[in-house]
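Peer 1: Quick one: this structure, given as structure tokens, is what I'll be asking you about.
Number of protein chains: 2
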Amino acid sequence: MIKLALDMMGSDLGPEELSKSVIRFVHEKKDVTLLCFGQKDKLTNLEGVERVEIIDCEQVVPMEISSLHLLRMKNSSLMKAVKAVKDGDAEGVVCAGSSSGLITAATLILKNIEGVERAGFCTPFVTAKAGHQTVILDVGASNENTPTELLGFGKLGSIYAKDLLDIKNPSVYLLSNGTEEGKGTQEIKDAFKLLEEEKSLNFKGNCEGRDALDGDKDVVVTSGFPGNIFLKSVEGTASLMNGYIKKAFKKNIWSKLGYLLARGGFKEMKENLDYRKIGGAIFMGVNGIVVKAHGSSDEEAFYNAIDLSYRLVEHKFVEDIRREFN
Amino acid sequence: MIKLALDMMGSDLGPEELSKSVIRFVHEKKDVTLLCFGQKDKLTNLEGVERVEIIDCEQVVPMEISSLHLLRMKNSSLMKAVKAVKDGDAEGVVCAGSSSGLITAATLILKNIEGVERAGFCTPFVTAKAGHQTVILDVGASNENTPTELLGFGKLGSIYAKDLLDIKNPSVYLLSNGTEEGKGTQEIKDAFKLLEEEKSLNFKGNCEGRDALDGDKDVVVTSGFPGNIFLKSVEGTASLMNGYIKKAFKKNIWSKLGYLLARGGFKEMKENLDYRKIGGAIFMGVNGIVVKAHGSSDEEAFYNAIDLSYRLVEHKFVEDIRREFN
């Protein structure tokens, strides 16, 4: 039986929406128990559902929170859900609330796996090749990272690509401002050398923001600050383009008719680019599975976040990291 | 009479393509003389054209070049074109070749305007609001920048927005990994304070990669390394989305028919997002106008790059920077 702890609070659409994912998930997977942490009166849908346990928590962690403030919220759904992993009551935690809160709680409560210098926040991205994902880390757990931390991110990303994406010898790239060796900050140049020397990795050199998502890359390593800029500028540009596409189809009666004819292709495009299918970002390198679902998660997105956590447990992701780093 | 120096070599489509822009430009603007630097036998189209001077240069600077190597290429079209500005033979230089070569040459030959700590490479971006541009700098002249350099970028970007985009009190943002004050690296936090204290700027706080191009921002300030990641990830995502749009319209006979009906709207979208209209990036803060046209510039793009340089001279951009920084 796989046990997962879910923070049901703090998402944009509320615990009622996330409850639907919970019901669907236990219905489809018979070997799972879901511990649902949150305000009991908002989780009434879950009462009596088989293999679902409701743990009443009055406090809800706000989106922006300092470490100090968070540590005082011991009775919050987020803190208690992470604590459940620490206590061995669950193997993974899923949260659609505060990213910084989840990262802080996981770092302080679960602690890094021995040998892991820095845990990384990793996002699998859809790419120009339909069906091919590229995992990029760190996208914002840190600001700056040392070369050895970047080397560690390369290893963490590779383990993920092997375990979850079923890629035997994942290609690893370093995000820089040019593809040639010697491009970038001093940290990048030093990390390049370390990654090149690490024979367990299939390091291919630098890549630029332009080709990170071309579908030919499995793992892209970056410091947290530029990684976060990358993540959000991809999101922003996709949303900008979507806005222009909508406008283009609304231009006149002909373009509206054109949409009706072309919508099959655009539906397929939307499916290929749907972040909800990915489920969430993974905070890698701590003692437990930690998945951050999107703040605006609907039933489908949160379902996939639970599923991502489930598959990471199933593939013994934490044990694989321990083996690599110890 | 406005004199501009053009490096005709080093672009993807070659000097013949750029020559077309030259002919069109002198035909349309009667108060301009264009000094065309390049291999004479490749510029035969320009022979005898009024207000066009051909300066034969045998050497062509390759895309990737070290500073040391560049300094030895004194007879290259790039070095001679930049030198023409230094010598007062031209007020601006336009180049579609090596970015790093142009930046190095401009820095060493033209030197920074007094009071400018660091010149910045600035790209105007199209945004979610059709017709509204946002200027972002630095996008790659530096790797790391000090807080005072970032403050300087805010001033340079504001002068550009006033002069060229006709915005009276341009809003200035700082690119970070969160909108709240206190987000980002130490340099970003310190730059935030300096920008806030500078009363000549309309500083609005941090912005994220997600909303930098929402069309509500005039100037976005960033260090060169994350700025370059931003620039290229926007380009990469736009190209990824364009690929999916094409595929969507090619799905079947109906979607192809849909394209025929909707193409008016998509033509408009293409025009709104056309980087060629912007002309190029500006290397700001040196003694002279320096415009980098896209390496793949066609007639339209290089024409607009010449025009951008022309307008910067016309608006006395360099004098305005001197006034602000001295």
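Respectively, the protein sequence lines represent chains A and B.
The first sequence begins at 230 in this note's numbering and counts up one residue at a time.
The second sequence begins at 230 in this note's numbering and counts up one residue at a time.
The beta-carbon is built from N, C-alpha and C at its ideal position, and this holds for glycine as well.
Given the structure is predicted, the values throughout are model-derived calculations rather than measurements.
When you compare only the Cα positions, how much space is there between N372 (chain B) and S452 (chain B)?
Peer 2: The sequence position of residue 372 (chain B) within the second sequence is 143, counting from 1. The sequence position of residue 452 (chain B) within the second sequence is 223, counting from 1. The straight-line gap from Cα to Cα measures roughly 7 Å.
Peer 1: On the DSSP bridge assignment, give the partners of M513 (chain B) in chain order.
Peer 2: What you label residue 513 (chain B) is simply residue 284 of the second sequence in a count that begins at 1. In DSSP, M513 (chain B) forms a bridge with B:G349.
Peer 1: Going along the chain, which residues of the region 486-501 of chain A sit with their C-beta nearer than 8 Å to a C-beta in chain B?
Peer 2: Within the region 486-501 of chain A, the residues whose Cβ lies closer than 8 Å to some Cβ of chain B are L486, G487, Y488, L489, L490, A491, R492, G493, G494, F495, E497, M498 and N501, listed in chain order.
Peer 1: Closer than 9 Å, CB to CB, is I511 (chain B) near chain A or not?
Peer 2: Translated into the one-based positions of the second sequence, residue 511 (chain B) becomes position 282. Chain A contact via Cβ: absent.
Peer 1: Would M230 (chain B) pass as a contact of T273 (chain B) if the rule is Cβ separation under 9 Å?
Peer 2: For the purposes of this step, residue 230 (chain B) is identified with residue 1 of the second sequence, where counting begins at 1. For the purposes of this step, residue 273 (chain B) is identified with residue 44 of the second sequence, where counting begins at 1. No, Cβ-Cβ distance for M230 (chain B) and T273 (chain B) is not below 9 Å.
Peer 1: Just to confirm, does S468 (chain A) get its C-beta within under 8 Å of one of the non-hydrogen atoms of the ligand SAM?
Peer 2: This structure simply doesn't include the ligand SAM, nor any ligand for that matter.
Peer 1: Closest Cβ-Cβ distance between Y473 (chain B) and chain A: below 9 Å?
Peer 2: Against the second sequence, residue 473 (chain B) aligns to sequence position 244. Chain A contact via Cβ: present.
Peer 1: Quick check on the DSSP output: what are the complete alpha helix (DSSP H) runs of length 4 or more inside the region 432-485 of chain B, in order along the chain?
Peer 2: Counting whole runs of 4 or more residues, the region 432-485 of chain B contains the alpha helix (DSSP H) stretches 453-478.
Peer 1: Could you check whether the Cβ of G465 (chain B) sits closer than 9 Å to any Cβ belonging to chain A?
Peer 2: For the purposes of this step, residue 465 (chain B) is taken as the residue at position 236 of the second sequence. So, interface residue.
Peer 1: Using a Cβ-Cβ distance under 9 Å, would E597 (chain B) count as near chain A?
Peer 2: In the structure as shown, chain B starts at 230 and stops at 555, and residue 597 (chain B) therefore has no counterpart that could be examined.
Peer 1: Strictly below 9 Å CB to CB, what residues from chain B border K521 (chain A)?
Peer 2: For the purposes of this step, residue 521 (chain A) is identified with residue 292 of the first sequence, where counting begins at 1. Ordered by position in chain B, no residue passes the 9 Å Cβ test against K521 (chain A), which lies about 15 Å from the chain.
Peer 1: Taking the Cβ atom as the reference point for each residue, do G349 (chain A) and G386 (chain A) lie within a distance shorter than 9 Å?
Peer 2: Start at 1 with the first residue of the first sequence, and residue 349 (chain A) comes out as number 120. Start at 1 with the first residue of the first sequence, and residue 386 (chain A) comes out as number 157. Yes, Cβ-Cβ distance for G349 (chain A) and G386 (chain A) is below 9 Å.
Peer 1: Grouping DSSP H, G and I as helix and E and B as strand, with all else coil, what is V251 (chain A)?
Peer 2: By 1-based counting over the first sequence, the position of residue 251 (chain A) is 22. Helix at V251 (chain A).
Peer 1: Could you say if the region 330-340 of chain A and the region 474-484 of chain A meet the contact criterion of at least three C-beta pairs nearer than 8 Å?
Peer 2: Taking 8 Å as the limit for Cβ pairs, the verdict is that the region 474-484 of chain A does not touch the region 330-340 of chain A.
Peer 1: Do the region 522-538 of chain A and the region 513-524 of chain B touch if we need at least three Cβ pairs shorter than 8 Å?
Peer 2: The answer is no - the region 513-524 of chain B does not touch the region 522-538 of chain A, with fewer than three Cβ pairs under 8 Å.
Peer 1: Could you tell me the distance, in whole angstroms, from the CA atom of D285 (chain B) to the CA atom of F382 (chain A)?
Peer 2: Indexing the second sequence from 1 puts residue 285 (chain B) at position 56. Indexing the first sequence from 1 puts residue 382 (chain A) at position 153. About 51 Å.
Peer 1: Name the residues in the region 393-415 of chain B whose C-beta lies less than 7 Å from a C-beta of chain A; which are they?
Peer 2: Listed by position, the residues of the region 393-415 of chain B near chain A (Cβ gap below 7 Å) are L404, N406, E409, G413 and T414.
Peer 1: For Q268 (chain A), list the residues DSSP reports as bridge partners.
Peer 2: Counting from one through the first sequence, the residue named residue 268 (chain A) turns up at place 39. Note: Q268 (chain A) sits in no beta bridge, so no partner.
Peer 1: Kindly identify the DSSP beta-bridge partner or partners of A234 (chain A).
Peer 2: For this step, residue 234 (chain A) is matched to residue 5 along the first sequence. The partner list for A234 (chain A) (beta bridge, DSSP) reads A:L264 and A:V322.
Peer 1: Comparing the C-beta of E293 (chain A) with each C-beta of chain B, is any distance below 9 Å?
Peer 2: As a first step, residue 293 (chain A) must be located in the first sequence, where it is residue number 64. Cβ-Cβ to chain B under 9 Å: yes for E293 (chain A).
Peer 1: Run down chain B in chain order and give the residues with a C-beta less than 8 Å from the C-beta of E373 (chain A).
Peer 2: Numbered from its first residue, the first sequence carries residue 373 (chain A) at position 144. Per Cβ cutoff of 8 Å: T414.
Peer 1: Can you confirm whether the region 450-465 of chain A touches the region 436-447 of chain B when touching is taken to mean that 3 or more C-beta pairs between the two stretches lie within less than 8 Å?
Peer 2: With a cut-off of 8 Å, the region 450-465 of chain A and the region 436-447 of chain B count as touching, because enough Cβ pairs lie within range.
Peer 1: Give every residue of the same chain whose Cβ lies closer than 7 Å to the Cβ of T226 (chain A), excluding the five residues on either side of it in the sequence, and list them in chain order.
Peer 2: The structure shown has nothing for residue 226 (chain A), since chain A only spans 230 to 555.
Peer 1: Compile a chain-ordered list of the residues in the region 357-373 of chain A whose CB is closer than 8 Å to at least one CB of chain B.
Peer 2: Residues passing the 8 Å Cβ filter: A357, G369, N372 and E373.
Peer 1: Along the chain, where does the beta strand (DSSP E) containing Q288 (chain A) start, and where does it finish?
Peer 2: Here residue 288 (chain A) is taken as the residue at index 59 of the first sequence, counted from 1. Taken as a continuous stretch (DSSP letters only), Q288 (chain A) belongs to no beta strand (DSSP E), as it is neither H nor E.
Peer 1: Tell me which residues of the region 315-334 of chain A have at least one Cβ-Cβ distance to chain B shorter than 7 Å, keeping chain order.
Peer 2: For the region 315-334 of chain A, which is checked against every Cβ of chain B, not one residue is closer than 7 Å.
Peer 1: Using a Cβ-Cβ cut-off of 9 Å, state whether I458 (chain A) counts as contacting chain B.
Peer 2: The residue labelled residue 458 (chain A) in the question sits at position 229 within the first sequence. Yes, I458 (chain A) counts as interfacial toward chain B.
Peer 1: Sort out for me which residues DSSP pairs E282 (chain B) with in a bridge.
Peer 2: Against the second sequence, residue 282 (chain B) aligns to sequence position 53. Answer is B:L264, bridged to E282 (chain B).
Peer 1: Which residue wins for smallest C-alpha separation from R280 (chain B), given the options B:E293, B:V290 and B:L264?
Peer 2: Taking the first residue of the second sequence as 1, we reach residue 280 (chain B) at position 51. Nearest C-alpha to R280 (chain B): B:L264.
Peer 1: By DSSP, does K521 (chain B) sit in helix, in strand, or in coil?
Peer 2: For the purposes of this step, residue 521 (chain B) is taken as residue 292 along the second sequence, with counting starting at 1. It is a strand residue.
Peer 1: Would you please state the rounded distance, in angstroms, between the beta carbons of Q362 (chain B) and L404 (chain B)? I believe it to be under 8 Å.
Peer 2: For the purposes of this step, residue 362 (chain B) is taken as residue 133 along the second sequence, with counting starting at 1. For the purposes of this step, residue 404 (chain B) is taken as residue 175 along the second sequence, with counting starting at 1. About 16 Å separates the two Cβ atoms, so there is no contact after all.
Peer 1: First and last residue of the alpha helix (DSSP H) that includes L380 (chain B)?
Peer 2: Counted from its first residue, the second sequence places residue 380 (chain B) at position 151. Residues P376 to L393.
Peer 1: Look at the alpha carbon of D260 (chain A) and the alpha carbon of L233 (chain A), and state the distance between them as a whole number of angstroms.
Peer 2: As a first step, residue 260 (chain A) must be located in the first sequence, where it is residue number 31. As a first step, residue 233 (chain A) must be located in the first sequence, where it is residue number 4. Rounded to whole angstroms, D260 (chain A) to L233 (chain A) spans 11 Å at the Cα level.
Peer 1: List the residues of chain A that A441 (chain B) touches, going by C-beta distances under 8 Å, in chain order.
Peer 2: Here residue 441 (chain B) refers to the residue found at position 212 when the second sequence is read from its first residue. Within 8 Å Cβ-Cβ: S462 and G465.
Peer 1: Restricting to Cα atoms, I'd like to know which of B:S526, B:K476 and B:R551 is closest to T323 (chain B).
Peer 2: For this step, residue 323 (chain B) is matched to residue 94 along the second sequence. Note on residue identity: the sequence assigns Val, not Thr, to residue 323 (chain B). Out of B:S526, B:K476 and B:R551, B:S526 has the C-alpha closest to the C-alpha of V323 (chain B).
Peer 1: Around the Cβ of M299 (chain B), are there at least 16 other Cβ atoms within 10 angstroms (buried) or fewer (exposed)?
Peer 2: The residue labelled residue 299 (chain B) in the question sits at position 70 within the second sequence. What sits at residue 299 (chain B) in the sequence shown is Leu, not Met. Flag for L299 (chain B) reads buried.
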